[in-house]
Amino acid sequence: MAQNTVFIGLVSHSQSSFVQSQGPSGLSARLAQIFSNHGVSSQVQINTANLFDEKEFELTAAMARASVREEIRLESAWFRFLERRDRIGQVVRVLGRWMWFGLKWRSNSHTKELRRLLNIEYSHVDLYRRGVESGCDLVIILEDDAFSVEPESLASSLIGLLDFPDVPKMINLSTSFSLSEIGVAHLLTQVPSVAWSGVGAVFSSSRPATNTVCAIAFRTDFLRDVVTDFDSQPLEPVVPIDWKLNASLMRLWASGSIGAGECWFIDPGPVLQLSMHQAHIEK
């Protein structure tokens, strides 16, 4: 990758609890400044628009039920794809999906929950497109609860990857769930030839997977494949963007667009998802 250019996309909204992420102290702005200090050109795009609300279509109770059914179907397919064996845990997770639907979706109305999911999805996909169109080498997509204690180490490690002879197609940067919780530990092999600043170690995965969409770096040519796959799929049923990306990864794996060792995890991840770990930061 000779150009050494990076696109940084931030998913947020005007009423976010993490609105400070949109400013100069936010991770996207800090990374851009550090990249610049190291002679790496970057572009930052902050998406605060509720894009679904601008192109709204009717939402129904039937769509809500279909959404939950599809998320359960995808989770079961994902369980098989990752070759997981904790079947009791899988049954508990499926039951939890239905309980979440009964307790949250119905109490807050299906319309509100579907609109929330669609606004998040549209924002991510819009930044995916902008990242591809930017022509940059690497696209980093952050959600606004992404936080790094050591942004300098994060940036310098990413800069090092730009000159790596075989840059992976996607890199999971966040500590959202543990690797055992997301069920990928048995798929991972450490990459000792790649140094990561700080305490993190680099692992390649024999199958592509995500640790939520809080913080992921994509090689731009692969992100183009993701966008093409998204465009080929129907808008319904509506599922969280995490599951939509997982579904895309399964299809891209089947088509050969991403193979073994082309998805990496950093453990511990250099980015904390504050909505899940804020108490840890405040201690």
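Just remember that the numbering used here sits 444 ahead of the position in the sequence shown, which is counted from 1.
Glycine residues also receive a C-beta, built at the ideal position from the N, C-alpha and C atoms.
Asked, Found
"Simplified DSSP state of residue 737, which is helix, strand or coil", "Because the chain here runs from 445 to 727, residue 737 falls outside it and cannot be looked at."
"C-alpha gap between residue 616 and residue 651, whole angstroms", "13 Å"
"For residue 665, three-class secondary structure by DSSP", "helix"
"Sequence-distant residues of the same chain with beta carbon closer than 7 Å to residue 483, five excluded per side", "none"
"For residue 462, the three-state DSSP class (helix, strand or coil)", "coil"
"Contacting residues, own chain, Cβ-Cβ under 7 Å from residue 471 (five flanking each side not counted)", "465, 586, 590, 591, 592, 595"
"Inside the region 559-604 only - beta strand (DSSP E) runs reaching at least 3 residues", "582-587"
"Nearest candidate by alpha-carbon position, reference residue 427, set 678, 506, 461, 665", "This structure gives no information on residue 427, because the portion of the chain shown stretches from 445 to 727."
"Beta-carbon separation (whole angstroms), residue 619 vs residue 713, contact threshold 8 Å", "4 Å"
"Buried versus exposed, by CB contacts within 10 Å (16 or more), residue 556", "exposed"
"Same chain only: Cβ atoms within 6 Å of residue 392, ignoring 5 sequence neighbours per side", "Past the edges of the chain, shown from 445 to 727, lies residue 392, and the structure says nothing about it."
"Rounded separation between residue 521 and residue 642 - CA only", "35 Å"
"Residue 520 - DSSP class collapsed to helix/strand/coil", "helix"
"Three-state secondary structure assigned by DSSP to residue 478", "helix"
"Segment contact flag, the region 483-492 with the region 505-521, C-beta cutoff 8 Å, min 3 pairs", "no"
"Beta carbon of residue 571 nearer than 9 Å to that of residue 450", "no"
"Bounding residues of the beta strand (DSSP E) (the contiguous stretch that carries residue 492)", "From DSSP, residue 492 is part of no beta strand (DSSP E); its letter is neither H nor E."
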